[in-house]
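Chains as they are written, first to last, in the numbering used here: chain R, 11 to 375; chain D, 11 to 375.
1. In chain R, what lies closer than 7 Å to residue 339(D) by C-beta?
2. Once the 5 residues before and after residue 127(D) are set aside, which same chain residues still bring their CB inside 6 Å of it?
3. What in chain R is Cβ-close to residue 139(D), meaning under 7 Å?
4. Rounded to the nearest angstrom, what separates residue 99(D) and residue 87(D) at their Cα positions?
5. Please return the same chain residues whose Cβ sits closer than 6 Å to the Cβ of residue 368(R), not counting the five positions on each side in sequence.
6. Locate the beta strand (DSSP E) running through residue 363(R), then write down its first and last residues.
7. For the segment 186 to 210 of chain R, list the alpha helix (DSSP H) runs that are entirely contained and at least 4 residues long, ordered along the chain.
8. Output needed for residue 231(R): all residues of its chain with C-beta closer than 6 Å, excluding positions within five of it in sequence on either side, in chain order.
9. From 150(R), 305(R) and 47(R), pick the residue whose C-alpha is nearest to that of residue 356(R); which is it?
10. So, are the CB atoms of residue 302(D) and residue 120(R) less than 8 Å apart?
11. Determine the DSSP secondary structure at residue 4(R), reduced to helix, strand or coil.
12. Sort 141(R), 75(R) and 25(R) by Cα distance to residue 90(R) and report the nearest one.
13. Give me, in chain order, the residues of the same chain whose beta-carbon lies closer than 7 Å to that of residue 361(D); leave out the 5 immediate sequence neighbours on both sides.
14. From the DSSP output, in three-state form, read off residue 146(R) for me.
15. What are the boundary residues of the beta strand (DSSP E) that includes residue 87(D)?
16. From residue 173(R) to residue 180(R), what does the alpha carbon distance come to, in whole angstroms?
17. Throw me the rounded Cβ distance for the residue 259(R) and residue 345(R) pair, which I believe falls under 8 Å.
18. Which residues does DSSP pair with residue 110(R) in a beta bridge?
19. Got a sec: is the Cβ-Cβ distance from residue 131(R) to anything in chain C below 8 Å?
20. Can you give me the C-alpha to C-alpha distance between residue 290(D) and residue 283(D), rounded to a whole angstrom?
21. Considering just the uninterrupted stretch of the alpha helix (DSSP H) at residue 126(D), what are its terminal residues?
22. Is the Cβ-Cβ distance between residue 71(D) and residue 84(D) less than 8 Å?
23. Roughly how many angstroms lie between the CA atoms of residue 27(D) and residue 317(D), to the nearest whole one?
24. In whole angstroms, what separates the C-alpha of residue 148(D) from that of residue 43(R)?
25. In whole angstroms, what is the alpha-carbon distance linking residue 340(D) and residue 338(R)?
26. Mapping the DSSP letters down to three states, classify residue 350(R) as helix, strand or coil.
27. Hey, residue 272(D) and residue 306(D) are a contact pair by Cβ (cut 8 Å); roughly how many whole angstroms apart?
28. Figure out for me which residue from 238(R), 52(R) and 297(R) has the closest Cα to the Cα of residue 82(R).
29. Please list the partners that residue 370(D) has in chain R, where partner means a Cβ-to-Cβ separation under 9 Å.
30. Anyone know if the C-beta pair for residue 195(R) and residue 163(R) falls short of 8 Å?
31. According to DSSP, is residue 237(D) part of a helix, a strand, or is it coil?
32. Taking 8 Å as the threshold (beta carbon to beta carbon), is residue 236(D) in contact with chain R?
33. Quick check: is the beta carbon of residue 201(D) nearer than 8 Å to any beta carbon in chain R?
34. Which residues does DSSP list as the beta-bridge partners of residue 336(R)?
35. State the CB to CB distance for the pair residue 286(R) and residue 322(R), rounded to an integer number of angstroms; the pair is presumed to be in contact (CB under 8 Å).
36. Leaving out the 5 sequence neighbours to the left and right, which residues in its chain are closer than 6 Å to residue 218(R) when beta-carbon positions are compared?
Pasting the structure below:
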């Protein structure tokens with residue numbers, strides 16, 4: 011009802027006669043997290059900031075006054091601006107004499123691309139989005155230690171949250187408790203909207219939490235992560251509130267075994283799609299054939315879905331050492347419930363190190 | 011140290027010889043919140059989804075299978091796709107015969123713009139970002155009621171969080187408690203990274219929270235909001251832990267009076283810059299001249315910084331009825347501390363309705 015009025019007002023605000031309006035809801039954040047990747051900064055917002063990275067490894071940060079203190083934690087050169095005009099002047103000056111610069115086309119709005127082109131008409135802009143993804147897929151020691159810390163925070167929360175369940179509790183209460191514990195144990199914030207679903211809601215992979223009350227015999231699914239100094243973890247556990255039925259035990263056993271099939275397949279050199287196929291095939295040979303409706307996992311890092319490599323049908327990229335991904339098979343029966351188990355793994359030469367350690371058993375509380 | 015290696019690997023991943031790489035960290039989210047504005051949906055993620063809005067007020071949503079249930083809460087036509095190819099086919103089919111469509115250039119990455127142009131080579135794409143901002147600046151009844159709900163949740167948290175302060179408590183503990191209460195009182199999530207700062211940290215407007223411990227005599231600054239069905243509130247209060255000094259009382263009094271100057275100036279027809287000037291001038295006539303270092307307020311809605319209109323030096327846009335903005339003067343003394351008081355207001359014809367109601371007094375706890 012409101013939408014009709016909104017749309018009418020929107021068309022009223024447009025001079026050109028249009029046949030339609032298209033709004034795309036994309037996956038990435040306009041705040042380009044690569045800013046933090048190349049500067050190594052772990053605090054601050056840095057809205058309206060630009061970093062210029064030179065082949066010699068040095069970099070200039072053009073930042074608003076407000077971020078000067080946060081920026082001083084980086085090794086880069088700091089150029090502070092007071093307003094938009096000054097920021098453009100500094101940018102032009104820094105770019106003087108340059109001919110070709112790399113830009114993350116997937117991290118820049120089309121509007122900002124146009125502005126940039128107007129501001130720097132003589133400079134050729136080259137897309138480096140793929141190079142950024144490839145580079146970020148391989149984690150360095152600093153990144154690995156931050157992700158391990160994020161994993162260990164989530165582990166602690168996972169082990170303690172079970173004790174908070176009680177009959178008739180709402181899903182959103184458990185979600186609030188999880189988020190509280192994440193921060194208490196050292197996370198800067200939850201890595202994404204925490205999922206805590208009960209009963210048949212567990213059959214919806216993208217369900218977060220609502221007003222549903224906990225009833226004996228329910229599946230309880232927790233899917234959350236910690237964000238620690240911009241790096242994320244992502245873990246899922248499914249348990250039963252009360253005594254598990256035979257069917258619930260079977261579902262859980264199949265998913266746990268499927269995940270083990272995934273773990274066992276991991277080593278550098280195997281393609282993302284091959285891992286997914288092995289896990290998918292395992293589930294499709296059980297009575298839950300066709301009930302695994304998403305990919306087996308994704309790359310993890312500064313973004314929760316860190317891109318490029320994943321355990322999915324279409325990914326023919328080979329695993330390399332020091333990649334970090336999730337392994338998260340699931341089985342979903344609409345109207346009944348679902349089971350998903352998810353852990354984060356660090357790819358080694360001949361195996362993978364599992365980074366998340368809370369119990370994977372079917373716990374009955 | 012890590013950054014140098016990263017940059018070297020990044021350059022190693024790029025074939026073209028570049029003079030530099032530029033990464034811009036913009037303000038907007040790639041997940042275009044306008045998707046929710048025109049569909050009226052308040053739940054779901056809708057990643058990779060597209061909405062086509064026609065002049066007659068009807069709309070088609072092209073969405074992945076996972077979102078079908080969430081989408082059914084909208085009045086639009088639902089077109090479900092299974093994979094990327096099918097989504098492109100549906101899009102092409104829907105666009106058949108159209109000549110010119112509006113696009114939010116500020117909500118679409120340049121990469122996605124290129125892809126769209128390739129997919130629909132015969133259709134002219136027109137920028138409607140300004141029209142979206144103008145439309146969204148005026149809130150309808152549904153939006154006002156959601157923002158009021160978000161304000162009342164934040165009010166409740168603000169009134170109760172003071173009771174949680176105790177000596178030697180860490181900033182991050184209070185932040186965790188605020189976020190917990192926000193969800194407990196009905197928020198879907200915090201509207202933004204909650205700020206809870208103590209002592210001299212209160213002098214940094216963008217500081218969020220850290221390991222600092224609470225000491226008697228500290229300023230304590232809370233700046234947070236509730237997100238309710240995608241709509242946000244944004245409130246700040248500054249209090250003193252223990253007995254306030256004469257200087258602290260004076261700082262607080264000046265900021266509170268400056269805010270009142272802002273409130274008193276509000277009515278439809280006044281320019282954003284005029285409100286800011288009045289508040290700025292008030293502070294600059296006190297001993298805290300030059301200590302108010304940011305703008306007086308911003309538009310509030312689906313985004314916390316909802317864009318277009320604001321109480322800032324450069325904004326010559328006139329206020330209109332049913333705009334919602336924040337009024338948030340502050341005074342900051344580096345190394346000593348800061349005071350900010352922030353409330354959300356709904357512009358009426360001859361005045362403004364204040365939507366946030368927790369006490370604005372200098373409370374000593």
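Beta carbons: idealized from backbone N, C-alpha and C, even for Gly.
What you are looking at is a predicted structure, and each value in this text was computed from that prediction instead of being measured.
Quick answer:
1. Simply none; closest approach about 16 Å.
2. none
3. Residues of chain R passing the Cβ test: 121.
4. 17 Å
5. 165, 168 and 169
6. 362 to 364
7. With a minimum length of 4 residues, no continuous alpha helix (DSSP H) run stays inside the segment 186 to 210 of chain R.
8. 207, 212 and 248
9. 150(R)
10. no
11. Since the displayed chain R opens at 11 and closes at 375, residue 4(R) lies outside it and no answer follows.
12. 75(R)
13. 276 and 277
14. helix
15. 87 to 91
16. 15 Å
17. By a beta-carbon distance limit of 8 Å, residue 259(R) does not contact residue 345(R). Their separation comes to about 19 Å.
18. Within the DSSP bridge table, the entry for residue 110(R) names 134(R) as partners.
19. Protein chains in the displayed structure are R and D, and chain C is not among them.
20. 10 Å
21. 120 to 129
22. yes
23. 38 Å
24. 32 Å
25. 47 Å
26. The answer is strand: DSSP assigns residue 350(R) an E or B state.
27. 6 Å
28. 52(R)
29. Those within 9 Å of residue 370(D) in chain R number zero; the least Cβ separation is about 24 Å.
30. yes
31. strand
32. Answer no: the Cβ-Cβ gap between residue 236(D) and chain R never drops below 8 Å.
33. no
34. 354(R)
35. 5 Å
36. 203 and 205
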